[in-house]
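K.L.:
In my numbering, the protein residues as written are 253 to 393. All C-beta atoms, glycine included, are put in the ideal place defined by N, C-alpha and C. None of these values were measured; they are calculated from a predicted model.
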Amino acid sequence: MISRREVVTVGMLGTLATASPAIAEIQQDVQALKDGFTKVEDAMRSLQRATDEGLRGNSMNYGGVGSVSDKIKRFARLSGKFPDFCDIGLDIFYDVYDWHVRQQQQINIVRLSDQRIAIQFMFTQLILRWENEPNYVGTPY
């Protein structure tokens with residue numbers, strides 16, 4: 253005959269033994285869902301970036317050209333004139349170059365006396381500083 257103590261003990265241990273693998277399986281499923289959502293989020297960001305670059309391109313309000321334009325506007329409001337020079341990084345240089353191509357503007361690139369390269373953007377010479385960060389836009393002067 254089975255005693256009451258054995259029934260209670262076996263019943264409690266049985267539920268703990270069956271609950272542990274079920275909880276572990278649920279946790280694995282939750283982690284798999286989190287990983288899947290992270291991948292979907294990364295894919296959506298990539299799609300948004302590609303759409304922005306394709307539809308907007310390098311406009312005066314978007315991308316590297318937009319950041320250069322903002323700095324020039326701020327300088328012009330404060331001083332009442334366009335700046336003569338502004339330092340930029342390599343990615344910004346390529347964005348400005350692409351903007352000239354897309355807008356069918358004449359590209360004026362010169363080599364300065366200190367062996368730096370400068371590209372004319374509107375009324376300002378943008379001086380390439382390859383030692384800085386690629387997205388660097390310095391203070392106009």
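Let's test the definition: count the other Cβ atoms within 10 Å of the Cβ of Thr-376 and tell me whether it reaches 16, buried, or not, exposed.
P.N.:
Locating residue 376 in the sequence shown gives position 124, where the first residue counts as 1. Label assigned to Thr-376: buried.
K.L.:
Considering only residues of the same chain and omitting the five flanking positions on each side of Tyr-388, which have a CB-CB separation below 8 Å?
P.N.:
Translated into positions along the sequence shown, residue 388 becomes position 136. Cβ neighbours of Tyr-388 beyond the five flanking positions: Asp-339, Ile-340, Gly-341, Ile-344, Arg-381.
K.L.:
What do you get for Phe-337, buried or exposed, if any count of 16 or more other CB atoms within 10 angstroms of its CB means buried?
P.N.:
The residue given as residue 337 occupies position 85 in the sequence shown. Its Cβ having fewer than 16 others within 10 Å, Phe-337 is exposed.
K.L.:
Spell out whether any CB of chain B is found under 8 Å from the CB atom of Gln-356.
P.N.:
Absent from the structure: chain B. Only one protein chain is present.
K.L.:
What does the alpha-carbon distance come out to for the pair Asp-322 and Val-282?
P.N.:
Numbered from 1 along the sequence shown, position 70 holds the residue referred to as residue 322. Numbered from 1 along the sequence shown, position 30 holds the residue referred to as residue 282. If I take the Cα positions, the gap works out to 45 Å.
K.L.:
Between Arg-368, Arg-329, Met-374, which lies nearest to His-352 when the distance is taken from Cα to Cα?
P.N.:
Mapped onto the sequence shown, residue 352 falls at position 100. For the residues Arg-368, Arg-329, Met-374, the minimum Cα distance to His-352 belongs to Met-374.
K.L.:
Quick one: residues in its chain with C-beta nearer than 8 Å to the C-beta of Leu-364, no 5 flanking neighbours on either side, listed in chain order?
P.N.:
Residue 364 sits at position 112 when you count from the first residue of the sequence shown. Around Leu-364: Ala-370, Ile-379.
K.L.:
Out of Tyr-393, Pro-386, Thr-391, Pro-392, which has the shortest C-alpha to C-alpha gap to Gly-316?
P.N.:
Here residue 316 is taken as the residue at index 64 of the sequence shown, counted from 1. Comparing Cα positions, the closest option is Pro-386.
K.L.:
Would you kindly work out how many angstroms separate the C-alpha atoms of Tyr-314 and Met-296, rounded to a whole number?
P.N.:
Translated into positions along the sequence shown, residue 314 becomes position 62. Translated into positions along the sequence shown, residue 296 becomes position 44. Whole-angstrom Cα-Cα distance: 19 Å.
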